[in-house]
Amino acid sequence: MGGRLPLVVGNWKMNGTRVTNVELLAALRAAGPFDAEVSVCCPFPYLTDVALSLQGSGIGWGAQDCSQHELGAYTGEVAAAMLAEFGCRHVIVGHSERRLHHAESDTLVADKARLALAHGLTPIVCVGETRAERDGGSTEAVVKRQLSAVIHTLGHCVSQIVVAYEPIWAIGTGLTATPSQAQAVHSVLRGQLAAASTRASEMRLLYGGSVNAGNAQELFAQPDIDGALVGGASLRAADFSAICRAASHVALGSTGKSRT
Ligand code: PEP
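The sequence shown begins at 133 in this note's numbering and counts up by one.
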């Protein structure tokens with residue numbers, strides 16, 4: 133099969149203003165086009181602005197969450213169907229901040245992924261362990277449990293999702309998993325996906341956790357790391373563009389990485 137097109141997704145979290153967003157996206161647009169797929173997941177109220185800023189650039193946009201319900205009396209929730217109306221390409225589900233602050237369970241995350249797919253969005257399903265879980269030797273068991281709920285719900289359609297491995301201890305902390313630590317988990321995840329889908333080798337597995345312009349290239353050189361989910365650095369156009377360029381080098385084959 134051909135190589136996997138690297139994917140870099142910005143997760144703005146609850147940051148930005150209408151004015152700064154326009155500046156950030158203009159700078160990102162100017163830095164492109166990229167030879168990797170690039171997407172920006174913004175807060176819900178900014179979707180229209182972001183779509184207007186990015187239209188025609190090749191850069192996609194998306195959201196950071198969606199409801200596990202189709203539609204109805206769920207005050208404060210946003211449906212996957214609504215995100216589709218705004219041209220979203222991606223939606224992040226199961227980010228550790230949602231699992232932690234909103235008590236999202238593995239099965240709830242799986243339901244969100246199912247609805248996202250049903251509405252033509254690509255869910256970026258986040259999995260990852262805490263520091264205590266890593267220190268206790270249960271990293272593999274934790275990420276497998278989280279992914280297994282999604283596989284159970286989606287069956288062979290799991291091949292349509294993107295998985296983001298985000299060790300919680302590396303998110304927003306400046307601590308990055310070493311390329312070999314990240315690769316070890318990615319390899320486990322791809323093996324688990326291979327047992328569920330014949331298309332596992334085509335799936336993109338992203339790493340997230342303090343990715344920056346300095347460490348992206350080494351991470352992307354790993355055989356099972358197909359891009360990044362980027363938090364803090366996605367708020368700075370120069371840094372995010374540099375990460376997108378690092379992914380583009382992989383796409384162009386100039387790193388020597390085999391992507392088959
Ligand atoms: C994230 O929030 O998904 C993330 C990876 O954040 P950061 O890059 O800031 O660690």
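Glycine included, each C-beta is placed from N, C-alpha and C at the ideal position.
Computed from a predicted structure; not experimentally measured.
Subject >> Runs of beta strand (DSSP E) wholly within the stretch 188-262 (minimum 3 residues, chain order) >> reply: 192-195, 222-225 and 254-259
Subject >> Euclidean distance between Cα positions of Gly346 and His251 >> reply: 36 Å
Original post:
Are the stretch 303-314 and the stretch 149-159 in contact at 8 Å, needing three or more beta carbon pairs?
Top reply: no
Subject >> Rounded straight-line distance, which links the Cα of Ala302 to that of Val151 >> reply: 30 Å
Original post:
Is the beta carbon of Met335 sitting closer than 9 Å to the one on Ser291?
Top reply: yes
Subject >> Cβ-heavy atom distance, Cys376 to the ligand PEP, below 8 Å >> reply: no
Original post:
Does the beta carbon of Leu244 fall short of 8 Å from some heavy atom of the ligand PEP?
Top reply: The residue you asked about is not Leu; residue 244 is Lys in the sequence shown. No, the beta carbon of Lys244 sits no closer than 8 Å to any heavy atom of the ligand PEP.
Original post:
Does the ligand PEP have a heavy atom nearer than 8 Å to the CB of Glu350?
Top reply: no
Original post:
Going by the beta-carbon positions, is the gap between Val275 and Leu321 smaller than 9 Å?
Top reply: yes
**OP:** Indicate the three-state DSSP secondary structure (helix, strand or coil) for Cys174 in the structure shown.
**Re:** coil
Original post:
I think Gly385 touches Ser342, with their Cβ atoms under 8 Å apart; what is that distance to the nearest whole Å?
Top reply: Gly385 to Ser342, Cβ: 27 Å. No contact.
Original post:
Distance, Cα to Cα, Gly134 vs Ile300?
Top reply: Legend: pLDDT at Gly134 = 44, less than 50; position of this residue unreliable, no value from coordinates given.
Subject >> Classification of Glu236 by the beta-carbon crowding that lies within 10 angstroms, buried from 16 upward >> reply: buried
**OP:** Report the option in Ala168, His284 and Gly192 whose CA atom is closest to the CA atom of Cys174.
**Re:** Gly192
Subject >> Rounded straight-line distance, which links the Cα of Ala273 to that of Arg263 >> reply: 14 Å
Subject >> Same chain only: Cβ atoms within 8 Å of His284, ignoring 5 sequence neighbours per side >> reply: Ala242
Original post:
Would DSSP call Leu179 helix, strand or coil?
Top reply: helix
Original post:
Which of the three DSSP states, helix, strand or coil, is assigned to Glu298?
Top reply: coil
Subject >> Rounded straight-line distance, which links the Cα of Asp181 to that of Asp167 >> reply: 24 Å
Original post:
Would the beta-carbon of Ala118 be found less than 8 Å away from any heavy atom of the ligand PEP?
Top reply: The requested residue 118 is not part of the displayed model; the chain covers only 133 to 392.
Original post:
In terms of alpha-carbon separation, which member of Ser171, Gly364 and Tyr178 lies closest to Thr149?
Top reply: Tyr178
Original post:
What's the C-alpha gap between Val282 and Gly194?
Top reply: 20 Å
Original post:
What residue from Gly323, Gly190 and Val154 has the CA that sits closest to Ala369's CA?
Top reply: Val154
**OP:** Please name the residue in Leu351, Ala205, Cys220 and Pro355 whose C-alpha comes closest to that of Val172.
**Re:** Cys220
Subject >> For Leu160, three-class secondary structure by DSSP >> reply: helix
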